[in-house]
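Chains as they are written, first to last, in our numbering: chain A, 12 to 301; chain B, 50 to 375.
Structure representation (structure tokens):
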């Protein structure tokens, strides 16, 4: 079953861990494929359409018009306000996440153009602490939203997160309030927010900015939910239906607008932004349409 | 003194003393021997033991008091500090959630809107109230009532007491995440004074879903956490039994939360916890609510919303260019 244990087997097949010339098994078809073939196709298996997680930088490189992305808030990093220690101190973990992901934090944000339309964007990266939302991640997302409001741009957020960053305790929970409050102001300014749910998006991220989009899109097969499957099973003793908490489950229950392949996303975002942001008569729309 | 039906592990010395006291009293009646001095001694001991136990509680012990089956629940407070509570039912869409309820009431003569997470006292009620775990409909009803409060200019009091939002298939299918998320956004924008009180358990997103308010109060032995200590221990320590360690590390207690700036005031509980003297606990809460409501009423709506935004905008600590910020 896809929702049983997709996350971890998938998570390990990240680019830097795969030496050149090594093959990967496609979970969808069982076929063995070249890693190069997947990487060249935004981590989507060409034949089966299976979506492997993609890193924030790799996504950004393909999403925006060439040379238009300007990273912002790159200096914002996690701190250790609770002096949290479990099997190891939190700062040690943070160093490891940085090493493993090549990123300073679980969110990359900035502005860039999609087919000529400028947007403010925040992209989460599951490789950094499972995309868990701490104060720094929440801060970067909030600033991306505030930038959109300030510059009168649409906001697009790509979610990929296991949920809250436990090592930051209650501060982690409060990021839900912080990001949602910022979206309240964006909505009041009548600026569009498109939320893109990618595999996996769970817990506090789902219960805040990820489900507040004017338009909510999801990548095929993405696991999206509030409570984890194990918690639901333990609490209710229910047998979970096949495909529970997948993007397809969400679409069927009317919780999201569309499922969009990563390969079609750039064009789809343009089409939607033309409708809800650019409008029919502006020169930008005319230029884009031609 | 009544012998509690439920006794926590660390309260056991108290039960022993209470038993001795009962026996002495009985003996004194049966034998007609004056045991007044002995009885006074034991009573003194009981009081001292109470003070001793309750002034040195570990975070995990406080979590247990927050979950104590005799702890006053939201409606106990509502009835103690308000008059004329009128429950208003349903989310107008699917059902009436009895774990998260609401309605109008009068507080010191002024109309207010009450939003409350309510647990059940006996087994039957506990099931009816789903052990205080609300479903999407509860959050949607809460929003409906808060919007009504905004429309009619009523301040909102929310009473938080939940282990968390209900984790279930139906809950997911009816989009519990969205129900909570919308409340976070809308509560941040609500044009009326709002105050929340954590009266028992502040269980993660399920608690925050009615907790984005101008002021957040918390009872001394309540807790508020991003995840239950057991859940955190199971994930980070790979052992749910390490919950006491997790409770400590997560800084879930009222005093820690006040230091972190997440709560605005810790409401003192009577010796032995709120369940030992519910009337006293309610009186202290009433005083605090009155004070905070007066403060908030002095602000014009724009100032109120800006202050609320700033309150949440700076919760959290991070580093930027080597400088620690919030």
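Yeah, the Cβ is synthetic: ideal placement off N, Cα and C, and Gly gets one too.
Keep in mind it's a predicted model, so treat the numbers as computed, not measured.
Listed by chain order, chain A residues near residue 311 of chain B by CB distance under 7 angstroms: Position 262 of the second chain, counted from the start, is the residue given in the question as residue 311 of chain B. What residue 311 of chain B touches in chain A: 181, 185.
Given that residue 259 of chain B touches chain A, what residues does it touch there, using C-beta distances under 9 angstroms? Mapped onto the second chain, residue 259 of chain B falls at position 210. Ordered by position in chain A, no residue passes the 9 angstroms Cβ test against residue 259 of chain B, which lies about 12 angstroms from the chain.
Quick one: Cα of residue 130 of chain A to Cα of residue 196 of chain A, how far? Locating residue 130 of chain A in the first chain gives position 119, where the first residue counts as 1. Locating residue 196 of chain A in the first chain gives position 185, where the first residue counts as 1. Whole-angstrom Cα-Cα distance: 17 angstroms.
Three-way DSSP call (helix, strand, coil) for residue 210 of chain A in this model: Here residue 210 of chain A is taken as the residue at index 199 of the first chain, counted from 1. Of the three classes helix, strand and coil, the one that applies to residue 210 of chain A here is strand, per DSSP.
Check each candidate in A:225, A:155, A:141, A:125 and name the one with the smallest Cα separation from residue 78 of chain A. Along the first chain, read from residue 1 onward, the residue named residue 78 of chain A stands at position 67. Answer by Cα proximity: A:125.
In chain order, each beta strand (DSSP E) run of at least 3 residues that lies wholly inside the segment 244-289 of chain B: 264-268, 272-274
Would you say residue 7 of chain A reaches chain B, if we count a Cβ-Cβ gap shorter than 8 angstroms as a contact? Here chain A has residues from 12 to 301 only, and residue 7 of chain A is not among them.
When DSSP labels each residue in this structure, what does residue 282 of chain A get in the three-state scheme? Locating residue 282 of chain A in the first chain gives position 271, counting from the first residue. Correct three-state label for residue 282 of chain A: helix.
Quick check: the Cα distance between residue 217 of chain A and residue 189 of chain A, rounded to an integer number of angstroms? Along the first chain, read from residue 1 onward, the residue named residue 217 of chain A stands at position 206. Along the first chain, read from residue 1 onward, the residue named residue 189 of chain A stands at position 178. Distance between residue 217 of chain A and residue 189 of chain A, taken at the CA atoms: about 14 angstroms.
Please work out which residues of its chain come closer than 6 angstroms, Cβ to Cβ, to residue 216 of chain B, disregarding the five sequence neighbours upstream and downstream, and give them in chain order. By 1-based counting over the second chain, the position of residue 216 of chain B is 167. The answer is none, since no qualifying residue turns up.
How about residue 121 of chain A: is its C-beta nearer than 8 angstroms to some C-beta of chain B? Within the first chain, the letter at position 110 stands for residue 121 of chain A. False, the Cβ-Cβ gap to chain B never drops below 8 angstroms.
Grab me the residues of residue 237 of chain A's own chain with a C-beta within less than 6 angstroms of its C-beta, minus the 5 sequence neighbours each way, in chain order. Walking along the first chain from the start, residue 237 of chain A turns up at place 226. Excluding its 5 nearest sequence neighbours in each direction, residue 237 of chain A has C-beta neighbours in its own chain below 6 angstroms: 217, 218, listed in chain order.
Taking 8 angstroms as the threshold (C-beta atoms), are residue 73 of chain B and residue 88 of chain B in contact? Here residue 88 of chain B refers to the residue found at position 39 of the second chain. Here residue 73 of chain B refers to the residue found at position 24 of the second chain. Taking 8 angstroms as the Cβ cut-off, residue 88 of chain B and residue 73 of chain B qualify as a contacting pair.
Can you pull the DSSP bridge partners for residue 138 of chain B? Working through the second chain from its first residue, we reach residue 138 of chain B at position 89. Residue 138 of chain B is not bridged to any residue.
So residue 315 of chain B is in the beta strand (DSSP E); what residue range does that whole segment cover? For the purposes of this step, residue 315 of chain B is identified with residue 266 of the second chain, where counting begins at 1. Where residue 315 of chain B is concerned, the enclosing beta strand (DSSP E) stretches over 314-316.
Give me the DSSP bridge partner(s) of residue 62 of chain A. The residue given as residue 62 of chain A occupies position 51 in the first chain. Residue 62 of chain A pairs with A:55.
Reducing DSSP to helix, strand and coil, say where residue 214 of chain B ends up. Numbered from 1 along the second chain, position 165 holds the residue referred to as residue 214 of chain B. Of the three classes helix, strand and coil, the one that applies to residue 214 of chain B here is coil, per DSSP.
In angstroms, rounded to a whole number, what distance separates the CA positions of residue 122 of chain A and residue 133 of chain A? If you number the first chain from 1, residue 122 of chain A lands on position 111. If you number the first chain from 1, residue 133 of chain A lands on position 122. Answer to the nearest angstrom: the Cα atoms are 9 angstroms apart.
N- and C-terminal bounds of the alpha helix (DSSP H) containing residue 176 of chain B: Position 127 of the second chain, counting from 1, holds the residue named residue 176 of chain B. Where residue 176 of chain B is concerned, the enclosing alpha helix (DSSP H) stretches over 172-177.
is_contact[residue 187 of chain B, chain A] using C-beta, thresh 8 angstroms: Residue numbering aside, residue 187 of chain B sits at position 138 when the second chain is read from its first letter. No, because no Cβ of chain A sits closer than 8 angstroms to the Cβ of residue 187 of chain B.
Short CB-CB distance (under 8 angstroms) between residue 8 of chain A and chain B: Because chain A spans 12 through 301 in this model, residue 8 of chain A falls outside it and cannot be assessed.
Give me the Cβ distance between residue 238 of chain B and residue 203 of chain B, rounded to the nearest whole Å; I'm assuming they're in contact under 8 angstroms. Stepping through the second chain from its first residue, residue 238 of chain B is reached at position 189. Stepping through the second chain from its first residue, residue 203 of chain B is reached at position 154. With a Cβ gap of about 16 angstroms, residue 238 of chain B and residue 203 of chain B do not count as contacting.
Exposure of residue 34 of chain A, with buried meaning 16 or more beta-carbon neighbours within 10 Å: If you number the first chain from 1, residue 34 of chain A lands on position 23. With fewer than 16 Cβ atoms within 10 Å of its Cβ, residue 34 of chain A is classed as exposed.
Of all the CB atoms in chain B, is at least one closer than 8 angstroms to the CB of residue 92 of chain A? For this step, residue 92 of chain A is matched to residue 81 along the first chain. Yes, residue 92 of chain A counts as interfacial toward chain B.
Taking the straight line between their C-alpha atoms, what separation do you get for residue 321 of chain B and residue 198 of chain A? Along the second chain, read from residue 1 onward, the residue named residue 321 of chain B stands at position 272. Along the first chain, read from residue 1 onward, the residue named residue 198 of chain A stands at position 187. For residue 321 of chain B and residue 198 of chain A, the distance between alpha carbons rounds to 47 angstroms.
Below 8 angstroms on C-beta distance, what does residue 249 of chain A contact in chain B? As a first step, residue 249 of chain A is located in the first chain; it is residue number 238 there, counting from the start. Simply 217, 218.
Stretch pair the segment 168-183 of chain B + the segment 133-143 of chain B: three plus CB contacts closer than 8 angstroms: The segment 168-183 of chain B is not in contact with the segment 133-143 of chain B.
Counting pairs of beta carbons, one from the segment 250-262 of chain B and one from the segment 282-297 of chain B, are three or more of them closer than 8 angstroms? no
In chain A, which residues lie less than 9 angstroms from residue 271 of chain B when you measure between Cβ atoms? The residue labelled residue 271 of chain B in the question sits at position 222 within the second chain. Going along chain A, no residue has its Cβ under 9 angstroms from residue 271 of chain B, so there is no contact; the nearest lies around 13 angstroms.
Can you round the beta-carbon distance between residue 273 of chain B and residue 301 of chain B to whole angstroms, since I take them to be within the 8 angstroms contact cut? Taking the first residue of the second chain as position 1, residue 273 of chain B is located at position 224. Taking the first residue of the second chain as position 1, residue 301 of chain B is located at position 252. Rounded, the Cβ-Cβ distance is 6 angstroms, consistent with contact.
State yes or no: is the beta carbon of residue 158 of chain A nearer than 8 angstroms to at least one beta carbon in chain B? Counting from 1 along the first chain, the entry for residue 158 of chain A is found at position 147. So, not an interface residue.
Among A:222, A:280, A:82, A:234, nearest to residue 228 of chain B - alpha-carbon criterion: Mapped onto the second chain, residue 228 of chain B falls at position 179. The shortest C-alpha separation from residue 228 of chain B is found at A:222.
Excluding the 5 residues flanking residue 365 of chain B on each side, which residues of the same chain have their C-beta closer than 8 angstroms to its C-beta? One-based indexing of the second chain puts residue 365 of chain B at position 316. Cβ neighbours of residue 365 of chain B beyond the five flanking positions: 375.
Residue interval of the beta strand (DSSP E) (run including residue 235 of chain B): Locating residue 235 of chain B in the second chain gives position 186, counting from the first residue. No beta strand (DSSP E) contains residue 235 of chain B, which is instead part of the alpha helix (DSSP H) from 225-238.
Stretch-stretch touch, CB-based, cutoff 8 angstroms, three pairs: the segment 120-127 of chain B with the segment 305-315 of chain B: No, the segment 120-127 of chain B is not in contact with the segment 305-315 of chain B.
So with Cβ pairs under 8 angstroms, would you call residue 163 of chain B a contact of chain A? As a working mapping, residue 163 of chain B is identified with position 114 in the second chain. Not closer than 8 angstroms to any Cβ of chain A, the Cβ of residue 163 of chain B fails to qualify, so no.
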